[in-house]
Structure formats: C-alpha cells, structure tokens
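> Each residue of the sequence shown is one higher than the one before, starting from 8 at the first, in the numbering used here. For each residue, glycine too, the CB sits at the ideal point set by N, CA and C. Here the structure is a predicted model, which means the values were calculated and not measured.
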Amino acid sequence: MKHNKIPNFNSSVLETFLKNLREYLPLNKSYNPQISNEKQKKVLDRLRMNSDNRVFSFVIDGISEKLIHPVGISKYLGYSEDTFSIADFLGLTHPQHSIEHWITGVSIWNLLDKHKKFATFDDIQFVHQLALKHVDGSFLFCTCNAFIFQISDCGKAISYGYQFSILKNWEGEHFSSSIADKLKIREDILELLKNEKIKNFIESKIFLDSHMPVLRQLAYLEEKTSKSVADNLELTQNTIKSHNKELLKRAKDVFHKDFKNSLNLAEYLRNQSLI
C-alpha cells in the first residue's frame, strides 16, 4: 500500500501542545513507572485483538513525546505505522475539531494534576468523538477511548492508551467528550473537566477578553437581545454589534465553519463546555 504524506499541522499549536505536556511532566524530574510490563502487555494484547473490528490504537508516551505501539493505523487510515507520530495524529484531526481536541487534552492533564486519585491504570475512560483524515482525503467519524497506560511513583499519568472505533464517514458532527469508568458515566469528574476546559479556553485568548462577557451573556441570559446584553454589560448597542462582527470573524478562522450569528456561536461554545 502506498502511504501518502501526513497533512500539515499548525506547528504553533503543536508547540503549545508540547509546552503544556512539559508543564504537566517537567523533564527535570524523575518518574519511576509503577505499572508492570505484564499488566501493560495484557492491555496491548486486548487492543490488538480488537483491531479486526474497524478499531485502531496506539500509546502516547509523555516522557519521550513519542507515539508507540500503533495497531491498525495502516489498515484503517492508510498511513505508515513505522513513522506515525504525535504530530501526525494531531494533523489528522479535522480543523473544526482541532481546537476542542487540544483544549480537552490540556484540561485532562490539569485535572489529573489536581486530582491524582483519578489517575488509575486502564480504568477511567476519557471518551471523545472526532473526525480523523483518511489517506484518501475523506474524514472518518470515530469514538476515541483514552485511558492511562502508565503511572509514576508521584501519582502522575505518564503515558496514555488510545483506542479508536470507526463509526462512519464524517457528516459534519460536532466534537464531543465524556468520561466513564467500566460501569457508568462519571458525572463528578466530567464537571471538574468542564471547569478546566472553560479555564483553558479563556486562557487560550482565542477571543479577546472584551468578547468573553458578550459570549457568556448570549449563552446564559434568558433574554438574548443586543439591548439586554448591552444593558447588562453597560455598553452601547453599537459596541455589541461591533463585538458580534469580530466574534464571527474570529470563530470562522478558529473553528473553520460559519456561524449564523453570535448567538449560534455562543450556544455552540456552551454545548462544547468552553464558556
């Protein structure tokens, strides 16, 4: 099979991704792994067995910043498993999903750093649905189950396993995320993750500080009119209209999609747990 070049990925976003990883796992510290090779082998064997059912998988090692143990990448996506990397994986994410994917990943690191009791081996599943690019240029809509693959003696997750189930060809579905253990959805952790995502989205400066109050008003205010937003924020309606115009322009640049109006954008961000 011919393996085409991985699509280009925004290098500045990759640098930010790795910067956040290094903040979670500083290289000047030592991390002694606690999970035995035997336990990890059982998980890898399970992932290999599942690869016959439109499922592919890999492990990301946070210390070496390498993608290891790839299974099914060539079979289901068409890319070479010999050279497949973290940057390659990020480059396959559909542009409409890449920001949410990145912010969710960083938020999970922050969550696990603050609440180490959730860092358990092959237990809690961080579930995403996102679109990934096949070598033929089409996008596949997949469910990703991410889980902790290795834990250090200081309680930090230092590697993660990723298992992707191909659902269908992507038809414009939104990115989504959830958290579950082997028995149920973990609403307690999900609420903590939501708070982390909002915090990281604000800190990302995707929208100006002056834009965020407008978005929150549109997302949560009962009366969603320019006049009510202007009155609540003590601004003129012309200022609100100016903000709305800039919001839509920025949103198109970031999310690679057109929103009908600022209200539509605010509702989208609220549903994605970003505001």
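#1: What ranges does the beta strand (DSSP E) occupy inside the segment 159-211, keeping only unbroken runs of at least 3 residues that lie completely in it?
#2: What separation, rounded to the nearest whole angstrom, lies between the Cα atoms of Ile42 and Lys49?
#3: Mind the definition here: the segment 26-43 touches the segment 145-165 only if three or more C-beta pairs lie below 8 Å; say whether that holds.
#4: Restricting to runs no shorter than 4 residues, where is the alpha helix (DSSP H) found entirely within the segment 78-156?
#5: Can you tell me whether Ile75 is helix, strand or coil according to DSSP?
#6: Less than 7 Å separating the beta-carbons of Ile110 and Val261?
#7: Note the first and the last residue of the continuous alpha helix (DSSP H) segment covering Arg63.
#8: Considering Asp265, what are the terminal residues of the alpha helix (DSSP H) in which it resides?
#9: Short of 6 Å in beta carbon distance, which residues of its chain neighbour Gln132, apart from the five on each side in sequence? Order them along the chain.
#10: When you compare only the Cα positions, how much space is there between Lys248 and Leu272?
#11: Would a C-beta distance cut-off of 7 Å place Phe24 and Phe171 closer than the cut-off?
#12: Is DSSP giving Pro220 helix, strand or coil here?
#13: Out of Gly112, Asn207, Thr150 and Ile213, which has the shortest C-alpha to C-alpha gap to Lys175?
#14: Where Ser58 and Glu253 are concerned, what is the direct C-alpha to C-alpha distance, given to the nearest angstrom?
#15: Could you give the distance in angstroms between the alpha-carbon of Arg277 and the alpha-carbon of Ala226?
#16: Does any residue of chain C have a CB that is nearer than 7 Å to the CB of Gln279?
If we stick to the structure as given:
#1: 164-176 and 183-187
#2: What you label residue 42 is simply residue 35 of the sequence shown in a count that begins at 1. What you label residue 49 is simply residue 42 of the sequence shown in a count that begins at 1. Rounded to whole angstroms, Ile42 to Lys49 spans 12 Å at the Cα level.
#3: yes
#4: 80-83, 93-99 and 102-121
#5: Taking the first residue of the sequence shown as 1, we reach residue 75 at position 68. It is a strand residue.
#6: Position 103 of the sequence shown holds residue 110. Position 254 of the sequence shown holds residue 261. Their beta carbons are not under 7 Å apart, which means Ile110 does not touch Val261 by this criterion.
#7: On the sequence shown, residue 63 is found 56 positions in, with the first residue counted as 1. Note that residue 63 is Phe in the sequence shown here, rather than Arg. Where Phe63 is concerned, there is no enclosing alpha helix (DSSP H), although the beta strand (DSSP E) it sits in stretches over Val62 to Asp68.
#8: As a working note, residue 265 is residue 258 in the sequence shown. No alpha helix (DSSP H) contains Asp265, which DSSP labels as neither H nor E.
#9: Walking along the sequence shown from the start, residue 132 turns up at place 125. Around Gln132: Asn152, Phe154 and Ala187.
#10: Start at 1 with the first residue of the sequence shown, and residue 248 comes out as number 241. Start at 1 with the first residue of the sequence shown, and residue 272 comes out as number 265. Each residue's alpha carbon lies about 14 Å from the other.
#11: Within the sequence shown, numbered from 1, the residue matching residue 24 stands at position 17. Within the sequence shown, numbered from 1, the residue matching residue 171 stands at position 164. It is not a contact, given that the beta carbons lie outside the stated cut-off.
#12: As a working mapping, residue 220 is identified with position 213 in the sequence shown. Residue state, collapsed to three classes: helix.
#13: By one-based count along the sequence shown, residue 175 stands at place 168. Lys175 has its Cα closest to that of Thr150, out of Gly112, Asn207, Thr150 and Ile213.
#14: Sequence index remark: in the sequence shown, residue 58 carries index 51 (1-based). Sequence index remark: in the sequence shown, residue 253 carries index 246 (1-based). Going by the C-alpha atoms only, they are around 45 Å apart.
#15: Taking the sequence shown and counting its residues from 1, one reaches residue 277 at position 270. Taking the sequence shown and counting its residues from 1, one reaches residue 226 at position 219. Answer to the nearest angstrom: the Cα atoms are 6 Å apart.
#16: No chain C appears in this structure, which consists of one protein chain only.
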